[in-house]
Every structure is written in C-alpha cells, then in structure tokens.
Amino acid sequence: MTETNNLNSTIQNLSRRELRDLVRTQLQMLLEAGDLQGAKSILVPVQPADIAEAIEGLPEAMHALAFRLLSKDEAIEVYEYLDYSVQERLIEELKSQEVCDIVDQMSPDDRARLFDELPAKVVNRLLEQLSPAERQATAQLLGYEADTAGRIMTLELISLKENLTVSQALERIRNLANASEMIYYLYVMDAARRLTGIVSLRELVTSQPEQIIGEIMTRDVVFVYTDTDQEEVARLIQRYDFLAVPVVDREQLLVGIVTVDDVIDILQQETTEDIYALGGGVQSGGDNYFQMNLLEIARKRVVWLLVLLVTNTVTGTIIKSQEDILAKVVTLTAFIPLLTGTGGNVGAQSSTVVIRGMNTDEIRSRGALQVISREAIAGALLGGMLGAIATVWAYFLQGRLEVAIAVGTSLVAISILASISGSALPFLFRYLRLDPALMSAPFITTAVDVVGVLIYFNLARIILKL
10 MTETNNLNST
20 IQNLSRRELR
30 DLVRTQLQML
40 LEAGDLQGAK
50 SILVPVQPAD
60 IAEAIEGLPE
70 AMHALAFRLL
80 SKDEAIEVYE
90 YLDYSVQERL
100 IEELKSQEVC
110 DIVDQMSPDD
120 RARLFDELPA
130 KVVNRLLEQL
140 SPAERQATAQ
150 LLGYEADTAG
160 RIMTLELISL
170 KENLTVSQAL
180 ERIRNLANAS
190 EMIYYLYVMD
200 AARRLTGIVS
210 LRELVTSQPE
220 QIIGEIMTRD
230 VVFVYTDTDQ
240 EEVARLIQRY
250 DFLAVPVVDR
260 EQLLVGIVTV
270 DDVIDILQQE
280 TTEDIYALGG
290 GVQSGGDNYF
300 QMNLLEIARK
310 RVVWLLVLLV
320 TNTVTGTIIK
330 SQEDILAKVV
340 TLTAFIPLLT
350 GTGGNVGAQS
360 STVVIRGMNT
370 DEIRSRGALQ
380 VISREAIAGA
390 LLGGMLGAIA
400 TVWAYFLQGR
410 LEVAIAVGTS
420 LVAISILASI
430 SGSALPFLFR
440 YLRLDPALMS
450 APFITTAVDV
460 VGVLIYFNLA
470 RIILKL
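This note's numbering puts the first residue of the sequence shown at 10, with every later residue one more than the last.
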C-alpha cells in the first residue's frame, strides 16, 4: 500500500506523456502479478482520458481485465475515450449486461459513432437492449447520412422560450444541467420549435432577474443544417471560435447541437486520413493505424506500390530506348536518380500545400489557375536555385560542361513540371469527386518520372548536339 501511495504522489508531478507511460507500465506489472487491488488503486487519481490511453497500451489480453477495475461511472467516461477497435473488443469480451449499462449511458453522438464501427448484428443487439429514450435518440442520429452534422450532433441541449424571465431561465438550467452536454449556450425557440435566437450563460448571469429572454438574446444566429458536411461544420466552429453550433432541419426546427470536442475529433480524423493518403496511399477509415491488422495494412498499401512499380517499368523502358545517347555519353545515367528524386519532392511539396489549402479553405478565394500559376513560378525559382547548384556539382563530378548544363537545365524544367503537376492534380481530382490526398501522390510520381526523363534526354541531345 505504501508503494501505491508513493506512486500516487509521483503522478502529480509528471507530464501527460510521462503519466501515461508510468500508469501503463505499473498497471501491466500489477496485473501480471495478480495484484488487482493495487492496480485499481493507481487508477484513482488518473483522469479518464489518461486511463484510456494506458489501457490501449496494454497487451490485448489485459484490456478487459483492466477495464473491469473501474467503477461504473468511471468506466462510462473512460469507454468514450477509447479507440474504436478497443471499444469493439471490449464489447466482445465483457458480459452483455456490463456492455448495455455502459452503452446506454454514453452520449447519443458518441454512441452513434461507436455503432458506425460495429458489425450490423452487434448494433441491432445493442439497440434492442437500450432504454426506449436512448434507442430513439440513437436511431434518430443513425438516420442521417454519415459525415454530416446530423450524424455527429448531440440531442442533449437546453432550450428556452422568449417570454421566460432571466430568473426562470436560470432555474431551468439548474434543473436540466445534468441532462445537457452544453450549458454555456442556450437556444431560444418559438412554439413550433423553430430556432429564433441564442443567449449565453454569461449574458444570463449578468442580466437583471426580471428581464425577458427575448430582450437580451441574439437573433442573428449562425447555424448549420442536418445535411451539412461535418468538415464544413468544423471549419465554421473554428472560424467563429464557437463552443457549439446549433443544427436545424430544412424547416428551421432545432434538432441538436455540434460541440467543439466533436469538431476536434473530426479535424484530427480528417487530418490523419490526409496524412496517411499523402504518405503512401493508405486509407485508415478512422481506425488507429498501429492497431490495424498487418494483412489489411499490406493490402491497402500494395495497390499504390504496384502503380509505382508499373511507373518505374515505363521509366526503365524510356531509358532503354535512349541507348544510343547513353552509349556515347554514359555519364548521363548517373544523374537520372537526382533529377527524378528532386522532381518528386518538389511535386509532393506543391500538392501538400494545395491539399492543405483545400481542407482549410485558404484557397477558396483564389481560382485554380491562380494557384497553379503561383506554384509554377515557385517551381521556376526553386529550379533555378537547384539547377545552378546541380550544374556546378555535375561539372565537379564529371568534368564536362555540356553534361553539367544538361543536368542543370533539366532540373529547372522538371521542377516547373513537378510544381504544375503537384498543384493541378488535386484540383482535377476534386473536380472528378475523387480524394485529392489519396490520388495525387502516385500520379505526381508518374508524371515527374516519365516526362522528366524524356525532358532530360531531349535537352541532352540538343545541348550535346547528338
């Protein structure tokens, strides 16, 4: 018990990363030793989010055992922080009643996102065992399209009428606070449940008790529709620094709110998907990459690697067709990797900044031609600097000025080509309703490798007069 008290004291002075690693290590050690009481004790001062990370870091066989150490209320909080793959595994391992108690107490939006990840049979079983009110709320959210405001919103909010006084509104908040996910914004509706205004908790507590809500509320409300894309909702909350945004249907009836914590999850998910796609054509589907099955990872990654394999075959064929010039100036071969590698990096840089601009709406006010032209100029500047260096380096290595000039001018042309390809292809794929992040990388590599090699050999023929 003394060791546990010392550990609890140490926890207070640790960073979040150190805390997570320490709790996971100690938890695993105590579980392996069979000291369940000690394991339970070290979790007492730890926040639910940190407990969730510690459990995720344990071997899979210990997930359910560690989770059972938590009290019912704490288990509900921790469960919402767990990765979906761990949540699904716990559903399979825990007793049916334990699962139902946890899922029934989850917020409707978190429950809906969990159900999106579960097999249909499991979802149907859990739906049947939910309380009638929670079943209806979950079914309502699942009825909206995936990745829309309706799917990610919560139904737990506090609404007010215009004719209420401030004191009556505060009394209503006190009575309903535990049943609402957000009390900092209060939404005002008319008799038909149409959204007519919004009032903040700050405005309520600083107003006179006898004032009417209709006198202090803001009538110009920023809202989204149930079918608004979740990324647009995230950008809206980010732009206006909201804690939540109301969701209405096409008849302006208030149906829910999207809170900032859900938006952070969305932004992280979308960013992760784009990074995986840019880095290797991997679509994670919202799963934690490092908890995915290795065969599934290999299946997803091999597709684009096969595309690049075919591309390299085409590039090799082009090089083989230039045997006559290579036979006369064999030193040209030494610079092919330098040119294609540099071109690929320049193209990747251009596509990355354009795709990020698309996702953050930074280039909404700029047309595609304006963005592409800007990147082409940037490519020319980069090519000029790199080409000058490459010319000097090539002359230093090979001692032939003509070869050095061919390498330098080719690098300028390839940099411009790569910048144009890297900035234009994301626009093209978005127009074709394809994922720019997923599609751009292999096609940029194809364009730079194939066309770049052709540019190199043709410029070499001209400069060397072959």
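Note that beta-carbon positions come from the ideal geometry of N, C-alpha and C, so glycine has one too.
Thinking C-beta only, is Ile225 closer than 8 Å to Ser3?
Lying outside 10 to 475, the shown extent of the chain, residue 3 is not represented and no answer is given.
Cα-Cα, which of Leu45, Phe438, Arg244 is closest to Ser360?
Position 351 of the sequence shown, counting from 1, holds the residue named residue 360. Per the C-alpha coordinates, the member of Leu45, Phe438, Arg244 positioned closest to Ser360 is Phe438.
Taking 7 Å as the limit between beta carbons, can you name the residues of its chain near Asp529, skipping five residues before and five after?
Here the chain has residues from 10 to 475 only, and residue 529 is not among them.
Using only CA atoms, which one of Gln261, Val256, Glu282, Leu335 lies nearest to Tyr465?
Within the sequence shown, the letter at position 456 stands for residue 465. When only C-alpha atoms are compared, the closest one is Leu335.
Thinking Ile453 and Ile381 are a contact (beta carbons under 8 Å), I'd like their distance in whole angstroms, please.
Reading the sequence shown from its first residue, position 444 is the one you call residue 453. Reading the sequence shown from its first residue, position 372 is the one you call residue 381. Their Cβ separation, rounded to whole angstroms, is 13 Å, which puts Ile453 and Ile381 out of contact at 8 Å.
Between Val87 and Ala48, how many whole angstroms is the CB-CB distance? I'm expecting something under 8 Å.
Counting from 1 along the sequence shown, the entry for residue 87 is found at position 78. Counting from 1 along the sequence shown, the entry for residue 48 is found at position 39. With a beta-carbon spacing of about 14 Å, Val87 and Ala48 fall beyond the 8 Å limit used to define contacts.
Run through DSSP, which three-state label would Ala142 get?
Here residue 142 refers to the residue found at position 133 when the sequence shown is read from its first residue. Collapsing the DSSP output to three states places Ala142 in a helix.
From the beta carbon of Glu219, is the nearest beta carbon of chain B less than 8 Å away?
Although the question refers to chain B, the structure presented lacks it and comprises just one protein chain.
Is it buried or exposed, Thr157, if we count other Cβ atoms within 10 angstroms and call 16 or more buried?
Stepping through the sequence shown from its first residue, residue 157 is reached at position 148. Thr157 comes out buried.
Can you tell me which residues form a DSSP beta bridge with Gly265?
Within the sequence shown, residue 265 is the residue found at index 256, counting from 1. DSSP output for Gly265 lists Val256 as bridge partner(s).
Under the three-state reduction of DSSP, which class applies to Glu27: helix, strand or coil?
Position 18 of the sequence shown, counting from 1, holds the residue named residue 27. It is helical.
For Met10, which residues of its own chain have a beta-carbon under 6 Å away from its beta-carbon, when the five flanking residues on both sides are left out?
As a working mapping, residue 10 is identified with position 1 in the sequence shown. Residue confidence for Met10 is low, a pLDDT of 49 falling below 50, so the modelled location carries little weight; the figure read from the coordinates is stated next. Cβ within range, chain order: n/a, list empty.
Starting from Tyr93, follow the alpha helix (DSSP H) in both directions and report where the run begins and ends.
Working through the sequence shown from its first residue, we reach residue 93 at position 84. Residues 93-102.
CA nearest to the CA of Thr147, picked from Lys130, Ile167, Leu123:
What you label residue 147 is simply residue 138 of the sequence shown in a count that begins at 1. Checking every option, the nearest Cα to that of Thr147 belongs to Leu123.
In or out: Tyr440 buried (at least 16 other Cβ within 10 Å) or exposed?
Position 431 of the sequence shown, counting from 1, holds the residue named residue 440. Burial call: exposed.
If you count every other CB in all the chains shown that lies within 10 Å of the CB of Tyr196, and 16 or more means buried, which is it?
Translated into the one-based positions of the sequence shown, residue 196 becomes position 187. Buried: at least 16 other Cβ atoms inside 10 Å.
Simplified DSSP assignment, three categories, for Tyr249
The count along the sequence shown starts at 1 and reaches residue 249 at position 240. The DSSP-derived three-state label of Tyr249 is helix.
Is Thr227 helix, strand or coil by DSSP?
Walking along the sequence shown from the start, residue 227 turns up at place 218. DSSP places Thr227 in strand when its eight states are reduced to three.
Output the distance between the C-alpha atoms of Val230 and Leu262, rounded to the nearest integer angstrom.
If you number the sequence shown from 1, residue 230 lands on position 221. If you number the sequence shown from 1, residue 262 lands on position 253. Distance between the alpha carbons of Val230 and Leu262: 13 Å.
Which term fits Gln277, buried or exposed, when burial requires 16 or more other beta carbons within 10 angstroms of its beta carbon?
Taking the sequence shown and counting its residues from 1, the one referred to as residue 277 is at position 268. Looking at its Cβ environment, which holds fewer than 16 other Cβ atoms inside 10 Å, Gln277 is exposed.
Straight-line CA distance for Asn133 to Gln56?
Numbered from 1 along the sequence shown, position 124 holds the residue referred to as residue 133. Numbered from 1 along the sequence shown, position 47 holds the residue referred to as residue 56. Computed Cα separation, rounded: 32 Å.
What separation, rounded to the nearest whole angstrom, lies between the Cα atoms of Leu74 and Ile161?
Taking the first residue of the sequence shown as 1, we reach residue 74 at position 65. Taking the first residue of the sequence shown as 1, we reach residue 161 at position 152. Rounded to the nearest angstrom, the two C-alpha atoms are 31 Å apart.
Below 8 Å on the Cβ atoms is my contact criterion, and I expect Leu67 with Arg98 to pass it. Report the Cβ-Cβ distance as a whole number of Å.
Walking along the sequence shown from the start, residue 67 turns up at place 58. Walking along the sequence shown from the start, residue 98 turns up at place 89. Contact doesn't hold; Cβ gap of about 12 Å is too wide.
Helix, strand or coil for Thr205? Go by DSSP, reduced to three states.
Walking along the sequence shown from the start, residue 205 turns up at place 196. Reduced to three states, the DSSP call for Thr205 is strand.
What does a CB cutoff of less than 7 Å around Ile471 pick up in its chain, not counting 5 residues either side in sequence?
Numbered from its first residue, the sequence shown carries residue 471 at position 462. Within the same chain, Ile471 has no close Cβ partners at all.
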